[in-house]
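Residue numbers (the numbering used here): 45 to 421. So the structure is just underneath, and the comments pick up after that.
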Amino acid sequence: MNPFLYMDEYRDEIVRTYKDLHQLAEPSWHEEKTARYLRERLEAAGIAVTRFEGHHGFYAEIPGESAEIVALRADMDALVQEVDGVVRPNHSCGHDAHSTLALYSALAIQASGVVPPKTMRFLFQPAEEKMGGALQMMKDGALEGVTKLIGVHLRPEMEVPYGSAAPAILHGSSSSIKGTITGLQAHGARPALGKNVIEAASFLVSALQNIRLQDGCSFSVKMTQLQAGGETVNVIPDRATFSLDVRAQSNEGMAELRRKTEHAMSQTGALMGMDVEWEWSGVTPAAVANASMIQVVKKAIGKILGEDKIADICVTPGGEDFHFYAIHRPELATTMIGLGCGLTPVLHHPQMTFQTDALIYGAKIMTAAIYEAAQHS
């Protein structure tokens with residue numbers, strides 16, 4: 045069967061599958077039921093599956109005429125957030141949809157009965173939200189032999205309109221800091237005898253706001269958490285803990301921003317006469333645009349939706365661990381499709397919704413894209 049006709053014939057089943065996965069929502073590194081559901085569907089269709097020890101990520105593979113491998117990647121994990129007063133796993137980032145798209149791309153290609161020109165691999169990755177899943181998949185060898193990799197992410201209506209798709213999402217680089225400020229406690233009546241950590245934190249906020257990057261790269265660095273003092277209001281606090289959210293649109297910009305953020309923190313300590321200590325979380329890299337893969341996906345989008353539905357490349361300050369693949373394997377050509385689906389209000393909102401018919405044309409785009417990648421030298 046033609047794989048695109050397959051999507052039309054099984055459109056109701058595609059939506060049901062998405063709803064099943066939505067109900068199975070599981071947090072990062074705990075995607076056991078989700079992975080089992082996907083594996084069973086793939087294996088029932090006669091598609092070989094490779095699993096790994098220690099986590100629930102896996103890949104499925106359809107042999108091609110060539111041993112060269114082109115791949116699609118989907119993520120499986122859900123956020124943990126409060127929904128209607130209950131804290132629980134919730135698919136508000138669309139990973140249930142991404143898994144549905146990759147699953148039906150594989151099923152449609154298998155059902156066609158045609159041997160693809162190159163071997164096709166379908167990665168189902170854990171723990172994107174924890175920014176560790178991509179690194180673990182590479183460590184386990186899931187990318188061995190892969191020359192081209194295509195991801196997908198639902199996009200809000202304000203970024204990519206319903207009925208269209210973008211050939212690339214240029215995520216920014218992101219990181220965070222947890223730090224402490226140590227001053228000197230004193231009575232509120234004698235502030236000169238103490239060192240007020242809240243004043244130092246205020247100084248740090250101002251210093252961060254004065255940072256500028258040389259290349260004009262879009263960035264932000266801001267204090268998002270601050271705790272200081274106890275129950276007593278007439279005591280100068282001597283210890284504060286703080287967190288910073290740090291983002292830059294390019295990897296070069298992030299490197300400069302890290303240096304300048306550290307300078308602001310060390311200068312705050314020196315000028316205020318206090319100890320400022322900090323620790324970085326891991327840095328999630330910004331996207332590295334691949335012109336060749338962007339053209340491959342443009343062709344696929346045009347084939348499915350028409351040339352007028354090829355949206356502009358989507359630039360977003362959000363982070364995505366998909367880009368670890370290209371950073372750690374420079375020879376790997378990658379891009380991530382931005383799927384317009386009428387998503388409102390925004391990603392990560394507990395009540396996020398989208399138009400489920402986008403799953404049908406989204407799966408078609410994914411299928412067309414991996415075929416184009418397989419035919420592209």
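Note that beta-carbon positions come from the ideal geometry of N, C-alpha and C, so glycine has one too. In this text, all values refer to a predicted model and were calculated from it rather than measured experimentally.
Less than 8 angstroms between C-beta atoms, sequence neighbours within five positions excluded: which residues of the same chain meet that for residue i?
i       : result
Leu-349 : Gly-207, Ser-208, Ala-209, Tyr-405 and Ile-409
Leu-376 : Leu-187, Val-190, Thr-191, Lys-192, Leu-193, Tyr-369 and Ala-370
Phe-398 : Gly-138, Ala-141, Leu-198, Cys-385, Gly-386, Leu-387 and Thr-388
Ala-245 : Ile-225, Met-267, Leu-270, Ala-272, Ala-284 and Phe-286
Glu-296 : Asp-259 and Cys-261
Glu-243 : Met-316
Pro-200 : Leu-387, Thr-388, Pro-389, Val-390 and Leu-391
Going by the DSSP bridge assignment, what does residue i pair with across the sheet?
i       : result
Met-51  : Paired residue(s): none; Met-51 is not in a bridge.
Ser-103 : The sequence as given places Tyr at residue 103; Ser does not occur at that position. Thr-94 and Leu-167.
Asn-278 : Bridge partners of Asn-278: none, in fact.
Ala-272 : Ala-284
Cys-385 : According to DSSP, which records beta bridges pairwise, Cys-385 is partnered with nothing at all.
Phe-263 : Ala-292
Gly-223 : Phe-286 and Trp-322
Lys-239 : Leu-228
Arg-117 : Leu-167
Gly-195 : Met-380
Ile-354 : Ala-209
CB-CB under 6 angstroms to residue i, same chain, minus the five flanking residues each way: which ones, in chain order?
i       : result
Gly-101 : Gln-169, Pro-170 and Met-181
Pro-47  : Ala-152, Ile-153, Ser-156 and Thr-411
Ala-418 : Val-114, Pro-160, Pro-161 and Lys-162
Glu-416 : Val-340, Lys-343 and Ala-344
If you draw a straight line from the alpha carbon of residue i to that of residue j, how long is it in whole angstroms?
i       : j       : result
Ala-115 : Val-196 : 12 angstroms
Thr-163 : Leu-193 : 12 angstroms
Asp-324 : Asp-352 : Note that residue 324 is Trp in the sequence shown, not Asp. Roughly 44 angstroms separates the two Cα atoms.
Asp-52  : Ala-146 : 16 angstroms
Lys-304 : Val-359 : 24 angstroms
Gly-326 : Ser-219 : 6 angstroms
Lys-343 : Glu-364 : 24 angstroms
Leu-391 : Ile-213 : 14 angstroms
Leu-49  : Tyr-148 : 12 angstroms
Ala-292 : Ala-88  : 44 angstroms
Leu-237 : Phe-263 : 38 angstroms
Tyr-103 : Leu-167 : 4 angstroms
Glu-97  : Leu-252 : 43 angstroms
Ile-221 : Val-265 : 10 angstroms
Asn-240 : Arg-95  : 54 angstroms
Met-202 : Ala-355 : 12 angstroms
Val-158 : Ile-91  : 13 angstroms
Val-93  : Leu-179 : 20 angstroms
Residue i by DSSP, collapsed to three states: which one?
i       : result
Pro-205 : coil
Ser-143 : helix
Ala-402 : helix
Arg-85  : helix
Met-318 : coil
Glu-126 : strand
Ala-212 : coil
Gly-313 : helix
Met-380 : strand
Asn-134 : strand
Lys-162 : strand
His-231 : strand
Glu-109 : coil
Leu-248 : helix
Gly-185 : coil
Lys-174 : coil
Ala-370 : helix
Ser-421 : coil
Tell me, to the nearest whole angstrom, how far the beta carbon of residue i is from that of residue j; I am working on the premise that it is less than 8 angstroms.
i       : j       : result
Pro-71  : Val-124 : 5 angstroms
Pro-394 : Ser-217 : So it is not a contact: roughly 26 angstroms between Cβ atoms.
Val-332 : His-372 : Actually they are not in contact, since the Cβ atoms of Val-332 and His-372 sit about 11 angstroms apart, beyond 8 angstroms.
Ala-308 : Leu-257 : 13 angstroms between Cβ atoms; not a contact.
Ile-338 : Thr-379 : 6 angstroms
Gly-362 : His-215 : 6 angstroms
Gly-21  : Asn-278 : Residue 21 lies beyond the range of the chain shown here (45 to 421); nothing can be said about it.
Arg-55  : Glu-105 : Actually they are not in contact, since the Cβ atoms of Arg-55 and Glu-105 sit about 26 angstroms apart, beyond 8 angstroms.
Which same chain residues end up closer than 7 angstroms to residue i when comparing Cβ atoms and leaving out the 5 residues on each side of it in sequence?
i       : result
Glu-75  : His-100, Met-120, Asp-121 and Pro-170
Leu-403 : Ile-58, Val-59, Tyr-62, Ala-141, Thr-144 and Leu-145
Gln-269 : Phe-286 and Ser-287
Thr-312 : Ala-244, Phe-247, Leu-248, Ala-251 and Val-320
Leu-82  : Ser-143, Leu-147 and Phe-168
Pro-235 : Ile-280
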